[in-house]
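Protein chains in written order, with the numbering used here: chain L, 1 to 442; chain D, 443 to 831.
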């Protein structure tokens with residue numbers, strides 16, 4: 001079927017050179033969409049002195065808009081001053097769909113707001129789970145309600161994440177698509193020569209913060225080392241809780257059995273993973289855990305806490321789930337150790353290639369874009385009156401904000417007409433050979 | 443807004459909201475599961491989820507049910523293969539059975555289902571209002587008595603301050619009040635704490651109190667000259683604001699009372715409130731003429747502010763009826779004395795006590811209906827062990 005080719009703008013505060021789940025997702029999804037023939041442009045804020053327009057692999061154009069990050073890599077929230085530059089980029093690249101990522105990104109919310117004002121179709125992807133009861137979450141959910149009051153379609157990375165997003169934002173469930181992340185299986189291949197199973201190595205790679213369950217590790221590691229003398233741990237990653245882990249090492253004299261690697265650059269994650277047999281993930285909350293996919297792709301058996309979207313990620317024979325309780329986790333590790341002889345890393349890797357594939361994700365996202373474009377384009381009053389449902393006072397405030405945005409846009413149209421903005425011709429690259437990181441499947 | 447006006451018109455508000463809720467929930471869930479033309483059949487479809495809803499609902503939930511999108515997506519025409527296996531109520535006009543939908547993320551798109559397919563098990567794990575305490579009006583009113591008791595204690599302190607500043611009470615009478623309060627406090631402690639022995643009394647309390655009194659007496663000259671350069675108006679204004687802060691931030695749950703054996707870390711707000719009361723006492727004391735006056739008033743104020751909560755906590759713990767009698771008699775005494783002082787203040791105090799004891803409990807119970815606490819598999823896991831750094 002000859003699908004229409006879209007011109008997509010991905011927008012988020014989180015993109016390369018920063019490393020993380022959202023950044024990887026945007027990059028790989030953009031690359032696969034480029035392969036399918038669409039045009040993709042990424043908009044993010046400037047990183048250090050990396051500012052301006054850059055071209056990445058495959059002709060992926062990245063606009064590093066010169067705003068400084070404010071807190072936690074987010075740009076400073078300015079409501080209206082971002083409209084001119086976003087408008088310029090949208091007209092210049094002749095964008096048809098705007099795709100925003102991550103509820104925590106202020107740039108994403110602002111850009112989606114301006115895009116809706118200008119009449120573009122908008123898709124939003126949510127990558128994290130949030131609570132409902134503390135002050136930060138309440139504020140975040142209100143902002144999300146504002147953005148999603150008038151979104152064309154939404155995507156979540158797991159079914160638990162879909163339930164969470166629907167409750168937080170009040171979207172009708174049929175507007176939310178569940179498209180999980182995937183893993184680059186060409187990069188994460190198991191070792192050619194397996195490490196010996198006489199000494200079992202358990203690998204942990206995560207940021208050592210409270211949210212990722214570093215405190216659980218502090219309780220679990222000594223117990224496991226005591227019960228199984230042939231088990232060794234490798235802990236990669238850095239963070240505020242690293243001190244506690246070092247103290248635990250000293251207290252139980254586990255210096256030769258627990259190796260702390262510090263922060264592991266993304267390029268070396270694979271070499272750390274293939275030196276182990278079991279991957280341990282102790283997070284307290286996860287919408288979708290890509291680290292587990294990377295470990296499974298390298299042939300490791302995974303032990304994880306049963307939180308958030310983790311139970312949906314892998315089939316039962318590749319992952320062992322435990323409650324976020326030290327005793328239960330120790331039992332799960334024991335089960336994993338007993339299951340280890342039956343595990344063949346190459347078989348696991350081949351299964352992962354079937355189960356997760358970025359090209360599949362791109363095709364499913366394409367369906368979402370097609371659906372988004374079929375949404376009727378309403379006039380201003382109908383659109384803006386949706387914001388009134390957001391709350392007693394908030395609804396009226398949001399209504400006013402959108403009206404002002406609309407007026408500002410009209411002013412810009414008079415002041416800097418769209419005809420004066422030069423449209424960028426498309427860059428057609430020669431056919432790219434197969435020697436690249438992304439794997440093609442037929 | 444639609445649901446608000448609906449509530450106001452109908453007298454039986456809760457029943458209507460529940461009915462609307464049930465009907466809409468059924469409608470939305472079934473409408474999500476089956477294409478539009480057939481959803482009317484599902485008004486009678488029993489959805490087990492309604493039992494969890496109880497009598498609480500909220501604007502957010504209703505808004506979700508009603509949908510923020512008045513123009514819903516045009517539904518696709520039902521193909522024969524698109525009917526659910528779990529759908530028992532529809533007449534069977536689908537010959538082939540497609541595989542069941544599973545709540546998994548691997549394996550790509552599930553055959554026969556769209557990515558935005560909303561299954562029957564959607565929001566199955568959601569638990570609403572699991573930790574919410576259902577309150578009873580009488581119990582809340584009885585609990586609020588301890589708040590009004592403390593208000594009366596502070597009012598009595600302010601009364602004594604006023605009389606002392608007007609020189610109605612002279613220093614010898616003040617010292618008598620101090621000593622009698624001290625003795626009374628000790629007696630109450632002795633009476634209400636069964637496990638206390640004379641040696642603990644002497645060691646723990648008596649010795650500390652003597653050091654405390656000695657320290658106050660020695661430092662009295664400092665307090666006397668502390669605010670000599672500040673005008674009286676500023677002092678009254680500051681004192682009033684400090685007392686308001688003290689009342690606002692005071693720990694009424696008495697979780698930080700230092701009863702023997704208690705080991706609790708006080709919260710920041712209770713520290714601030716204690717400090718505010720002490721500073722207010724110091725300001726008032728600095729306006730008095732002689733050193734003995736200063737010592738007497740400081741002793742009185744600090745006795746009440748620092749040891750008052752302990753005494754009331756012991757009474758409350760010993761017997762609730764005693765606590766109730768004590769509080770009511772305290773309120774009556776306070777109101778009488780304030781009436782003797784000034785009529786307007788009496789009216790203010792009376793209205794404040796009525797507000798705290800009657801209006802606030804009623805208001806709390808009214809707005810509890812709107813409570814909507816959501817828990818589910820998306821919650822961050824709570825660690826069951828304490829993190830010892």
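Every residue, glycine too, gets a C-beta built ideally from N, C-alpha and C.
Considering only D:712, D:733, D:737 and D:744, the residue with the shortest C-alpha distance to residue 721 of chain D is D:744. Residue 267 of chain L is not a Cβ neighbour of residue 239 of chain L, given a cutoff of 9 angstroms.
Looking at the DSSP output, residue 126 of chain L shares a beta bridge with L:156.
Contacts with chain L (Cβ-Cβ distance below 7 angstroms) from the segment 539-567 of chain D involve 545, 546, 547, 548, 549, 550, 551, 557, 558, 560, 564 and 565, listed in chain order. A direct Cα-Cα distance of roughly 5 angstroms separates residue 105 of chain L from residue 13 of chain L. One Cα belongs to residue 596 of chain D, the other to residue 741 of chain D, and the distance between them is close to 15 angstroms. Nearest C-alpha to residue 820 of chain D among L:87, L:308 and L:405: L:308.
Between residue 142 of chain L and residue 394 of chain L the beta-carbon gap is near 6 angstroms, inside 8 angstroms, which marks them as a contact. For the segment 806-822 of chain D, the residues whose beta carbon sits under 8 angstroms from a beta carbon of chain L are, in order, 815, 816, 818, 819, 820, 821 and 822. In this structure, the alpha-carbon of residue 748 of chain D lies about 20 angstroms from that of residue 760 of chain D. Check the Cα spacing between residue 580 of chain D and each of D:799, D:814, D:594 and D:828: the tightest is with D:799.
Positions of the beta strand (DSSP E) runs, each at least 3 residues long and wholly inside the segment 11-41 of chain L, cannot be given because no such run exists. Within the same chain, and ignoring the five residues on either side of residue 594 of chain D in sequence, the residues whose Cβ sits closer than 6 angstroms to its Cβ are 772, 773 and 776. When the beta-carbon positions are compared, residue 345 of chain L and residue 191 of chain L come within less than 9 angstroms of each other. Taking 9 angstroms as the CB threshold, residue 305 of chain L lines the interface with chain D.
Assigned with DSSP and collapsed to three states, residue 69 of chain L falls in strand. Distance from the CA of residue 715 of chain D to the CA of residue 708 of chain D, rounded to the nearest whole angstrom, comes to 11 angstroms.
Of D:823, D:600 and D:812, the smallest CA-CA separation from residue 723 of chain D is found for D:600. DSSP, reduced to helix, strand and coil, places residue 622 of chain D within a helical segment of the structure shown.
Looking at the DSSP output, residue 99 of chain L bridges to L:10 and L:123. Under the 9 angstroms criterion on CB atoms, residue 827 of chain D is classed as interfacial with respect to chain L. Here residue 779 of chain D has 601 as same chain residues with Cβ atoms under 6 angstroms from its own Cβ, once five neighbours each way along the sequence are excluded. In the three-state DSSP reduction, residue 202 of chain L falls in the strand class (E or B). Look at residue 401 of chain L: its C-beta is not under 9 angstroms from any C-beta on chain D.
What residue 164 of chain L touches in chain D, judged by beta-carbon distance under 8 angstroms, is 818 and 820, going in chain order. Here residue 153 of chain L is near residue 372 of chain L, since their CB atoms are less than 9 angstroms apart.
Excluding five sequence positions before and after residue 118 of chain L, the CB atoms of its chain that fall closer than 8 angstroms to its own CB belong to 87, 90 and 409, given in chain order.
At a Cβ-Cβ threshold of 9 angstroms, residue 567 of chain D and residue 312 of chain L do not count as neighbours.
DSSP places residue 258 of chain L in the strand class (E or B) of the three-state scheme.
As a beta-bridge residue in DSSP terms, residue 280 of chain L pairs with L:303. The beta carbon of residue 126 of chain L sits no closer than 9 angstroms to any beta carbon of chain D. With a beta-carbon spacing of about 18 angstroms, residue 227 of chain L and residue 235 of chain L fall beyond the 8 angstroms limit used to define contacts.
Per DSSP, reduced to three states, the secondary structure at residue 50 of chain L is strand. Under the three-state reduction of DSSP output, residue 45 of chain L falls in the strand class.
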